[in-house]
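Undergrad: So the sequence shown is numbered by UniProt numbering: it starts at 1 and just counts up by one.
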Amino acid sequence: MTLVHIVLFKFRSNVSEEHKKTFVTELKKLKSLPSVKNGRLIVGGPSVTDPIDRSKGFQIGLLSYHENLSALAEYQTSQEHHWVTSTYMFPYKEDLVRFDFEVDPEDEYMCQFPVLS
């Protein structure tokens with residue numbers, strides 16, 4: 001089974017671009033956690049949605065893959081995840097959206113990634 005984890009981040013208007021860049025850099029380091037399936041964690045932004053209003057002001061997105069709910073829970077309770085979110089996100093956020101779902105068995109083949117070295 002594969003579980004997909006999606007998070008959208010919106011920072012308060014007084015948060016600097018430098019802070020957001022540092023947050024992205026630190027988020028990307030989480031791909032090395034064993035609970036992230038084959039290191040598949042992607043962080044991006046800003047939105048290129050047209051019209052931009054459809055992005056609802058969210059500035060950064062994260063997409064990660066996990067083997068199951070237990071692996072996602074391990075990821076979210078890890079010391080590394082806690083440090084990144086408590087240092088760079090929670091004190092500065094305006095809003096956050098999280099959406100997690102299990103991949104249907106017939107679509108699982110699309111989540112089979114080669115192991116990265």
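Ideal Cβ placement from N, Cα and C applies to all residues, glycine included.
Taking the alpha-carbon positions, what's the Y75 to L33 distance?
TA: Stepping through the sequence shown from its first residue, residue 75 is reached at position 75. Stepping through the sequence shown from its first residue, residue 33 is reached at position 33. Those two C-alpha atoms are separated by around 7 Å.
Undergrad: So L62 packs on L3, CB below 8 Å; how close in whole Å?
TA: Position 62 of the sequence shown, counting from 1, holds the residue named residue 62. Position 3 of the sequence shown, counting from 1, holds the residue named residue 3. That belief does not hold up - the Cβ atoms of L62 and L3 are roughly 14 Å apart, past 8 Å.
Undergrad: So, for L30: in the same chain, excluding its five sequence neighbours on each side, which residues have a beta-carbon less than 7 Å away from its beta-carbon?
TA: The count along the sequence shown starts at 1 and reaches residue 30 at position 30. Hits under 7 Å: V36, L41, E80, H81 and V84.
Undergrad: One question on the structure: do V97 and L8 come within less than 8 Å of each other, judged by their Cβ atoms?
TA: Position 97 of the sequence shown, counting from 1, holds the residue named residue 97. Position 8 of the sequence shown, counting from 1, holds the residue named residue 8. Yes, these two residues count as a Cβ contact at 8 Å.
Undergrad: Relative to the alpha-carbon of V43, which residue among D104, Y65, G57 and S70 has its alpha-carbon at the smallest distance?
TA: Counting from 1 along the sequence shown, the entry for residue 43 is found at position 43. Per the Cα distances, Y65.
Undergrad: Below 7 Å CB to CB, which residues in the same chain sit around K20 once its five sequence neighbours on both sides are set aside?
TA: Your numbering for residue 20 matches position 20 in the sequence shown. The answer, listed in chain order, is F11, Q59 and I60.
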